[in-house]
Amino acid sequence: MSPAVNISKINKKYGNLHALRDINFSIEKNSYFGLLGPNGAGKSTLINIMAGLVIPTSGAIEIMGYNVSSMWRKARMSVGIVPQELVYDSFFTVREMLRLQSGYFGYGSENYPWIDQLIESLRLTEKSGENLQRLSGGMKRRVLIAQALVHKPRVIVLDEPTAGVDVELRQVLWDLTRELHGEGHTILLTTHYIEEAEALCQKIAILNKGRLVAMDTTKDLLKRYPYRFFTIKFSEDVSTRIEALPESVKKLVVSCKEKQLTLKLHRERDRIGGVLEALISAGTYIVDMQTDEPGLEEVFRTLTGEHSNE
Amino acid sequence: MNNRGFFTLFAKEVWRFLKVWVQTILAPVVTVFLYLLVFASVLSDNIEVYKGVGYSEFLIPGLIMMAVLQNAFANSSSSLFQAKQNGSIIFILLSPVSSMEFYLAYVLASIVRGICVGIGVWIVTWIFTILSVYNLMMITGFAVLGSGILGSLGLIASIWADKWDHISAFQNFVILPLSFLSGVFFSIESLPPFWSKVSYFNPFFYLIDGFRFGFLGTSEISPYFSLMIGSIFFLFVSALCIGMLKSGYKLRD
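Protein sequence lines, in the order shown, are assigned to chains A and B.
Going left to right, the first sequence walks through residues 1 to 310 as the working numbering numbers them.
Going left to right, the second sequence walks through residues 311 to 563 as the working numbering numbers them.
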């Protein structure tokens, strides 16, 4: 089975800036895929190449088996892109704009029921006759999403769709993308909210400085981070006695707040039993403890070099 | 061919200028009315450009064509540049509309705007003189050709421009001088010899001269020669514009 998106050897240079370097990966059909990376990592450039808005220096991208350069009509019919910026045409109302967008893709009045359905799903019904200029930022974002879905694309690309939106819209958006995913669509999501990617995406690729630094299932990616956090509560304030703790414990401390101490333990090197023994021998009295598994945030930071102590 | 995509884009462009018809149709008609009020009233008794043809009769076809040309340019240039500036151009760039369909939709909409303004101006001129029509085919042909050329130039200018200043410069330093020095207000034969010769290199001169022939049945040069020059220029600007669109120049990085 051919992938929904196949990216092979993509390079993009802007003068001396190498924005993307040999990017190679594919996204399986009907997957919910996350593309993460810090600002300037090349996420939007890669998406814009998929959309045909940016021409790569070398390499090729296929969407549903159609090359975005040589079979651009079919490739564009197969993908719906929600851009990052809040762009709109100030001459038209929501419904007019959606009908126009549908027309660009070759659809006529037979597509109007789907447009009505989109308006309803995105809770735009009350605003459908409103000029786009008069809508709030959140409403404009909903219209952009509707515009991307108007031609029922098999692949949906959301470039930071939840940036700056309220909780309600975020929930609407999550529900809608889950529903579309459930119906067999392939979703590609870029986001700054790592917990969002962790909650939604089955597979994640991480870009950094134009390079692909990791790609794995979310579960396996989480396993790449070899640390876990161990929080211990004491009967008395330990923040003043931290220097008196054994050296083997002191080097693991990441935070200390009055009676609570948090340690970062390497899964293989640091044994919880050894830590507890050392603390008890130091005369502390433990009242409670818990371990926390790392999130994607830690993995992301490690892979993009944002962590100082790895 | 994405016929529906092309037609939707064309319809959207026409719809866009009709939504603001006071600015896009009425305002240019009023401007030309004021030109006529000043020039025709003051000069009609003193100037006879062609034998037996009054100045108003000479001036009116030129003014109609000037309005057609300037508004065809304004339509495509302002629409595309605005879309480029506010980013809404991506809705078209993301869709399966080809460079040729894109070009045809914008240029045809410019032709429609040019002709709407031209008809409006023509109606207003009835206050001064009701011109007889000598050859309607020539009038229509030159109006379509002229607005097609200016619609294409509007696209070229808006693709090239990075700010409104650039569009304004193109309009003020290219379109306006070419339309004023094309024999709208006078016969180019009445210019000093050097400027008279220079005017023959101005494609707008052929468009206005040929258009005027459609009303008066007389012109400075053969209308068929003007039609040929106009067509060659139209092919040239169309090829340049389609080439820019196909290469993605300043539209796709």
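Each residue gets a CB set at the ideal place from its N, CA and C atoms; glycine is no exception.
Other residues of its chain near residue i: CB distance less than 6 Å, five sequence neighbours each side excluded
i             : result
residue 386/B : 416, 420, 461, 464 and 465
residue 556/B : 409
residue 530/B : 519
residue 445/B : 524
residue 190/A : 35, 43, 159 and 160
residue 310/A : Because the pLDDT at residue 310/A is just 34, under 50, the model does not fix this residue reliably, and the value given afterwards should be weighed accordingly. So the qualifying residues of the chain are 302.
residue 488/B : 512 and 514
residue 308/A : Reliability fails at residue 308/A, whose pLDDT of 38 lies under 50, so the model's placement of it is uncertain and no value is given.
residue 434/B : 339 and 343
residue 554/B : 469
residue 75/A  : 63, 66 and 68
residue 237/A : 258 and 259
residue 16/A  : none
Bridge-paired residues (DSSP) for residue i
i             : result
residue 216/A : 204/A
residue 159/A : 190/A
residue 266/A : 227/A
residue 211/A : 208/A
residue 62/A  : 6/A and 67/A
residue 33/A  : 188/A and 203/A
residue 261/A : 232/A and 256/A
residue 131/A : 93/A
residue 12/A  : 20/A
Residue span of the beta strand (DSSP E) that contains residue i, given as start and end
i             : result
residue 228/A : 227-234
residue 69/A  : Run containing residue 69/A: none; DSSP gives neither H nor E here.
residue 484/B : Where residue 484/B is concerned, there is no enclosing beta strand (DSSP E), given that its DSSP letter is neither H nor E.
residue 19/A  : 17-27
residue 80/A  : 79-82
residue 286/A : 286-292
Other residues of its chain near residue i: CB distance less than 8 Å, five sequence neighbours each side excluded
i             : result
residue 234/A : 259, 260, 261, 284, 285, 286 and 287
residue 279/A : 232, 245, 246, 249 and 286
residue 549/B : none
Residue i, buried or exposed, once every other Cβ within 10 Å from all chains shown has been counted against 16
i             : result
residue 178/A : exposed
residue 43/A  : buried
residue 402/B : buried
residue 384/B : buried
residue 102/A : buried
residue 564/B : It is not possible to answer for residue 564/B, since the shown part of chain B is limited to 311 through 563.
residue 122/A : buried
residue 559/B : exposed
residue 436/B : exposed
residue 472/B : exposed
residue 478/B : exposed
residue 448/B : buried
residue 45/A  : buried
residue 208/A : buried
residue 149/A : buried
residue 345/B : buried
residue 282/A : exposed
residue 157/A : buried
residue 305/A : exposed
Spatial neighbours of residue i in its chain, beta-carbon cut-off 7 Å, leaving aside the 5 residues before and after
i             : result
residue 48/A  : 54
residue 174/A : 200
residue 29/A  : 1, 3, 4 and 186
residue 162/A : 170, 173, 191, 193 and 196
residue 321/B : none
Continuous alpha helix (DSSP H) stretch holding residue i: start and end
i             : result
residue 311/A : Residue coverage of chain A in this structure runs from 1 to 310, which leaves residue 311/A outside it and unanswerable.
residue 395/B : 365-396
residue 253/A : It is not in any alpha helix (DSSP H) - residue 253/A instead sits in the beta strand (DSSP E) that spans 253-257.
residue 420/B : 409-435
residue 556/B : 533-557
residue 147/A : 137-149
residue 178/A : 167-182
residue 461/B : 446-470
residue 494/B : Counting along the chain, residue 494/B falls outside any alpha helix (DSSP H), and DSSP gives it neither H nor E.
residue 117/A : 112-121
Residues, ordered as in the chain, of the region 81-103 of chain A that lie near chain B by beta-carbon distance below 9 Å:
Here the close residues are 81, 83, 85, 86, 87, 88, 89, 90, 91, 92, 96, 97, 99, 100, 101, 102 and 103.
Beta carbons nearer than 7 Å to chain A: which residues of the region 400-419 of chain B have them?
Going along the region 400-419 of chain B in chain order, one finds 400, 401, 402, 403, 404, 405, 406 and 407 with a Cβ nearer than 7 Å to chain A.
For the region 49-64 of chain A, enumerate the residues whose C-beta is nearer than 8 Å to any C-beta of chain B, in chain order.
For the region 49-64 of chain A, which is checked against every Cβ of chain B, the residues closer than 8 Å are 51, 52, 53, 54 and 55.
Looking at chain D, which residues of the region 133-148 of chain A have a Cβ within less than 7 Å of any of its Cβ atoms?
Looking for chain D here will not work: the only protein chains present are A and B.
Check each residue of the region 316-332 of chain B: if its Cβ is closer than 7 Å to any Cβ of chain A, include it; give the result in chain order.
Listed by position, the residues of the region 316-332 of chain B near chain A (Cβ gap below 7 Å) are 318, 319, 322, 326 and 329.
Can you pull out the residues from the region 501-519 of chain B whose beta carbon lies closer than 9 Å to at least one beta carbon of chain A?
Cβ contacts with chain A come from no residue of the region 501-519 of chain B.
Can you list, in chain order, the residues of the region 66-79 of chain A whose Cβ is nearer than 9 Å to any Cβ on chain B?
Listed in chain order, the positions of the region 66-79 of chain A with a beta carbon within less than 9 Å of a beta carbon of chain B are 72, 73, 74, 75, 76, 77 and 79.
So if I threshold CB-CB distances at 9 Å, which residues from the region 102-128 of chain A count as touching chain B?
Going along the region 102-128 of chain A in chain order, one finds 102, 103, 104, 105, 106, 107 and 108 with a Cβ nearer than 9 Å to chain B.
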